[in-house]
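As they're listed, the protein sequences go chains B and D.
Here the first sequence is numbered in the working numbering, starting from 1 and rising by one per residue.
Here the second sequence is numbered in the working numbering, starting from 1001 and rising by one per residue.
Glycine is no exception: its CB is placed at the ideal position from the N, C-alpha and C atoms.
These notes concern the structure reproduced below.
Protein chains: 2
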Amino acid sequence: MSWKYVLKGYIVNPTSENTLFYDDSCVIIKDSFPKAKYHLLILPRDHKITIKDPKTLTFKEKSRYEKYIVWAKNYILETSKSNGGFDNNIKINDIRVGIHYVPSLANLHIHVITNDFVSDKLKYPKHYKAFNGPFFVDWDQLPLPPPYLTSKEAEMKYIKLQPLKCSHCDYPFKNLPTLKKHLKQEWETKKN
Amino acid sequence: MSWKYVLKGYIVNPTSENTLFYDDSCVIIKDSFPKAKYHLLILPRDHKITIKDPKTLTFKEKSRYEKYIVWAKNYILETSKSNGGFDNNIKINDIRVGIHYVPSLANLHIHVITNDFVSDKLKYPKHYKAFNGPFFVDWDQLPLPPPYLTSKEAEMKYIKLQPLKCSHCDYPFKNLPTLKKHLKQEWETKKN
DNA sequence: GAATCATAAC
DNA sequence: GAATCATAAC
Ligand SMILES: Nc1ncnc2c1ncn2[C@@H]1O[C@H](COP(=O)(O)O)[C@@H](O)[C@H]1O
Ligand SMILES: Nc1ncnc2c1ncn2[C@@H]1O[C@H](COP(=O)(O)O)[C@@H](O)[C@H]1O
Ligand SMILES: [Zn+2]
Ligand SMILES: [Zn+2]
Chain B
1 MSWKYVLKGY
11 IVNPTSENTL
21 FYDDSCVIIK
31 DSFPKAKYHL
41 LILPRDHKIT
51 IKDPKTLTFK
61 EKSRYEKYIV
71 WAKNYILETS
81 KSNGGFDNNI
91 KINDIRVGIH
101 YVPSLANLHI
111 HVITNDFVSD
121 KLKYPKHYKA
131 FNGPFFVDWD
141 QLPLPPPYLT
151 SKEAEMKYIK
161 LQPLKCSHCD
171 YPFKNLPTLK
181 KHLKQEWETK
191 KN
Chain D
1001 MSWKYVLKGY
1011 IVNPTSENTL
1021 FYDDSCVIIK
1031 DSFPKAKYHL
1041 LILPRDHKIT
1051 IKDPKTLTFK
1061 EKSRYEKYIV
1071 WAKNYILETS
1081 KSNGGFDNNI
1091 KINDIRVGIH
1101 YVPSLANLHI
1111 HVITNDFVSD
1121 KLKYPKHYKA
1131 FNGPFFVDWD
1141 QLPLPPPYLT
1151 SKEAEMKYIK
1161 LQPLKCSHCD
1171 YPFKNLPTLK
1181 KHLKQEWETK
1191 KN
């Protein structure tokens, strides 16, 4: 199985180190390269759904997965609460749910991620911009009506040309290391 | 002043956020991008010395800086001891002293670094290999007799072709993330 | 030296 | 998608 289909493994055989929950419709896993303190993926198992462009999810299709989103959010809230008081500042509104305008991995997946973006795995500007700006399509915006940018166009307009702004205060940063330092400070501030 | 001479600032005006010690002969600073838990730089202020290729430091020249090496090592041992018991596993033999075969920054500087190599700033294979393998020339090997590899040759032979082996157990790793994970484990193990 | 971007090969 | 390497521009 090529890297593009690496998420298929979870759908076919849901038992894994990363698996937090599964039933006949869904598998919920921890993202292996979390771009924030909490970063889960919801993977619909239905073949009709897993092969879809997530931008085109219908309201009917979406309705089937709402409860898994609730589960994932609740998992984050509860887990952070019980994490020795370290993460007890996470609120429901700190959690983002959505998809990438152009996913890299083939099987449809829904990101559920906290808005701290404090993570060692966040290494490149694209990692941040993919969750902050138009490349991140909020669950509530789906289905996103056509026309769609091509992959090249989206890369340019929705990633490369986007500024690096703090997810909390909108302050623009010249580069990723300074933004990351600031995000760490935002996180530490919230803790107190 | 171009990036190549950024260390000159410390020599000209030793008072800075990073400065730990200075006198007429030397400035000792914290490396701004530490590649391990403790990473200091010793900067000779003597113009004749600062412009030298460090590989050619004579025994006579070296003798002038021995005491600053002692100071730097002692600083690391004492600081780690007083760091709330977090780093109290650092021993004198965990500290490496030396220079890079081909320095990037112009003013002669001596690295004093712990062998944990646990650091967010260690981002590329070269960062690790520059301290582990022939690219790192130990203080005790100086002066290094000619002939010298060219910069290109050193980059190939002393960096690119070198394996990524653990500084503690010599185990070879396929890539930097797996090595970093292992180094973190080595560090945590030593702590206990 | 650091940071960004493009490009293979997986 | 991740990881490595080469390449500008600072
Ligand atoms: N083997 C894996 N297991 C779990 N998550 C993964 C794996 N490989 C990549 N990912 C994550 O999958 C997501 C795919 O992103 P995207 O296709 O852009 O929506 C990213 O957040 C990756 O970190
Ligand atoms: N502005 C700076 N202040 C302090 N250290 C620095 C600065 N810029 C780079 N460095 C460090 O200087 C060292 C130069 O490495 P090298 O020239 O390869 O011996 C590296 O360890 C860098 O992290
Ligand atoms: Zn902010
Ligand atoms: Zn080891």
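Host alpha helix (DSSP H) of residue i (start-end)
{"i": "P1125 of chain D", "result": "1125 to 1129"}
{"i": "K181 of chain B", "result": "176 to 191"}
{"i": "V12 of chain B", "result": "8 to 12"}
{"i": "S1151 of chain D", "result": "1151 to 1154"}
Which of helix, strand or coil DSSP assigns to residue i
{"i": "K73 of chain B", "result": "helix"}
{"i": "K1052 of chain D", "result": "coil"}
{"i": "H1047 of chain D", "result": "helix"}
{"i": "I159 of chain B", "result": "helix"}
{"i": "Y65 of chain B", "result": "coil"}
{"i": "Y1022 of chain D", "result": "strand"}
{"i": "D140 of chain B", "result": "helix"}
{"i": "I90 of chain B", "result": "coil"}
{"i": "F173 of chain B", "result": "strand"}
{"i": "K121 of chain B", "result": "coil"}
{"i": "K1004 of chain D", "result": "helix"}
{"i": "K194 of chain B", "result": "Since the displayed chain B opens at 1 and closes at 192, residue 194 of chain B lies outside it and no answer follows."}
Cβ-Cβ separation, residue j to residue i (assumed contact under 8 angstroms), whole Å
{"i": "K184 of chain B", "j": "V118 of chain B", "result": "6 angstroms"}
{"i": "T114 of chain B", "j": "I92 of chain B", "result": "In fact, because the Cβ distance is near 11 angstroms, the residues do not count as touching under 8 angstroms."}
{"i": "Y1128 of chain D", "j": "L1164 of chain D", "result": "6 angstroms"}
{"i": "W1139 of chain D", "j": "I1028 of chain D", "result": "Not really, about 15 angstroms apart at Cβ, beyond 8 angstroms."}
{"i": "K1062 of chain D", "j": "L1179 of chain D", "result": "Their Cβ separation, rounded to whole angstroms, is 32 angstroms, which puts K1062 of chain D and L1179 of chain D out of contact at 8 angstroms."}
{"i": "V158 of chain B", "j": "F135 of chain B", "result": "In the sequence as presented, Val is not what sits at residue 158 of chain B; that position holds Tyr. Correct: roughly 4 angstroms between the Cβ atoms."}
{"i": "K35 of chain B", "j": "L122 of chain B", "result": "5 angstroms"}
{"i": "I110 of chain B", "j": "Y65 of chain B", "result": "7 angstroms"}
Segment limits, beta strand (DSSP E) that includes residue i
{"i": "V97 of chain B", "result": "95 to 100"}
{"i": "V112 of chain B", "result": "110 to 114"}
Open item on the list: Tell me which residues pass a beta-carbon proximity test against ligand 4: closer than 6 angstroms to any heavy atom, given in chain order.
Closed with: Matched residues: D:C1166, D:H1168, D:C1169, D:Y1171, D:H1182, D:E1186.
Task: Under 5 angstroms, CB to nearest heavy atom of ligand 1: contacting residues - done: B:V6, B:D31, B:S32, B:F33, B:H100, B:P103, B:S104, B:L105
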